[in-house]
Every structure is written in structure tokens, then in C-alpha cells.
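Just so you know, the sequence shown maps onto residues 783 to 965 in this note's numbering. All C-beta atoms, glycine included, are put in the ideal place defined by N, C-alpha and C. Computed from a predicted model, the values in this text were never measured in an experiment. To start, the structure under review is shown below, and the notes come after it.
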Amino acid sequence: MYKKRWFVLSLMIMFLMSCASAVPISPDKTVYPPKTVPVIKEKDIVDRSMSDTDLFHDAVSYLGNIEVTVDYLRARSEFELLVKTYPKSKWRNLSETFIRIIDDIKAYQAKSISNQLLLDKAQADKGRLLQESEQLKKEIRLLNDKQQTETTRLLQENEQLKKDIQLLKNLEIQLQKRERTLR
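Shown next as C-alpha cells:
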């Protein structure tokens with residue numbers, strides 16, 4: 783699951799890196815960092831006269847940076863607007879790719895939530911089954927102890943009955959001897 787996320791993230795980074803231009807070097811050989819693209823927080827319906835590049839940069843800015851948290855829905859709507867408004871734009875293919883990636887991210891997030899719910903349910907079931915197992919083990923131990931005491935009692939009773947039978951045989955033999963002597 784995390785491998786897929788990393789793959790999607792690395793794919794997005796590769797697309798962004800392929801679109802990045804080199805930093806211009808001034809004649810005095812000093813390098814200046816590129817200017818940041820201003821992030822437009824709210825858009826009105828009237829403010830749709832942006833160029834395709836501005837619209838693309840605006841959509842990419844919603845994918846997250848230091849100033850703005852990730853907003854996949856707004857980024858997706860901006861990419862869709864770019865695709866609809868500028869069908870022959872050089873950013874069209876990349877925008878469609880971002881739309882697919884955002885859809886995949888949303889699907890993976892939903893799947894992650896359902897997997898987490900299944901995991902929580904499985905852990906709860908595991909806990910319940912462990913408790914039942916422990917209870918059954920206790921019952922088995924009690925039944926084994928009860929069986930052991932019953933077996934011991936029956937063995938003792940059996941030995942006592944054997945002794946009593948032997949005693950009765952001895953008494954019968956003595957009785958027969960007396961009867962013979964009395965005759």
C-alpha cells in the first residue's frame with residue numbers, strides 16, 4: 783500500500799521536475815532562486831481569463847507546498863478546467879495525468895480507510911476469540927480436574943469392592959469349612 787503511494791508521489795515529482803525550467807544565470811555568474819508562483823486562495827467565476835500556464839501552476843499549487851495544504855479536490859477541478867478550457871494546451875496531457883493520479887490517490891485513501899476498519903474489526907474479533915479461547919481452556923482444565931478426581935474416586939471404590947469381594951470369598955470358604963466340620 784505504501785509502495786503504491788510512494789510510486790504515485792515519485793511519479794508526480796518526476797512530472798513536476800520534467801516541467802521545471804533551468805534557473806537562468808545572469809552575466810555575473812550568480813544564481814538566483816526562481817520566483818515563487820503566487821497562490822490564489824479564492825477564485826471568482828469572473829476570474830477565468832488566466833492563461834493555460836497560469837491555470838496549470840495554480841492547480842499544481844493546490845497539491846501542497848509550504849504555504850498551502852494539499853487540496854486534491856480543488857487541484858482536480860483546476861486541472862479539469864484547464865483540460866476543458868484549453869484543449870490544445872501543452873499542459874493538457876500532464877493535467878489529465880494529474881487527474882488520474884488524484885483519482886488514484888482518493889481511491890487508495892478510501893481503500894486505506896476501509897482496510898483500517900477491517901483491521902480494527904479483525905483485531906476486535908481476535909481479542910474476543912482469545913477471551914473465548916481462554917474461557918474454554920479454563921473450562922477444560924476444570925473438567926479435566928473433575929474427571930481426574932472422579933477417576934481417582936472410582937479407582938478407590940473399585941479397590942474397595944475388590945477387597946470386599948475377596949473378603950466375601952474368604953468368608954464363604956470359611957462357612958463351607960464349618961459346615962463340613964459340623965456334619
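Using CA atoms only, rank isn't needed, just tell me which of the options is closest to residue i.
i	options	result
residue 855	937, 884, 900, 925	884
residue 784	890, 913, 878, 948	890
Buried or exposed: where does residue i fall if 16 or more other Cβ atoms within 10 Å of its Cβ makes it buried?
i	result
residue 858	buried
residue 865	buried
residue 827	Unreliable placement is indicated for residue 827, whose pLDDT of 44 sits below 50; the coordinate value is still reported in the next sentence. With fewer than 16 other Cβ atoms within 10 Å, it is exposed.
residue 789	exposed
residue 955	exposed
residue 881	buried
residue 837	buried
Which residues in the same chain have their Cβ closer than 6 Å to the Cβ of residue i, if we skip the five residues on either side of it in sequence?
i	result
residue 844	853, 856, 857
residue 871	834
Please state if the CB of residue j and the CB of residue i are separated by a distance shorter than 7 Å.
i	j	result
residue 841	residue 861	yes
residue 907	residue 873	no
residue 797	residue 876	yes
Within a Cβ cutoff of 7 Å, which residues of the same chain sit near residue i, ignoring the five residues on either side of it in sequence?
i	result
residue 886	790
residue 787	890
residue 888	854
By Cβ distance, which residues of its chain are closer than 8 Å to residue i, with the 5 residues on each side in sequence left out?
i	result
residue 897	783
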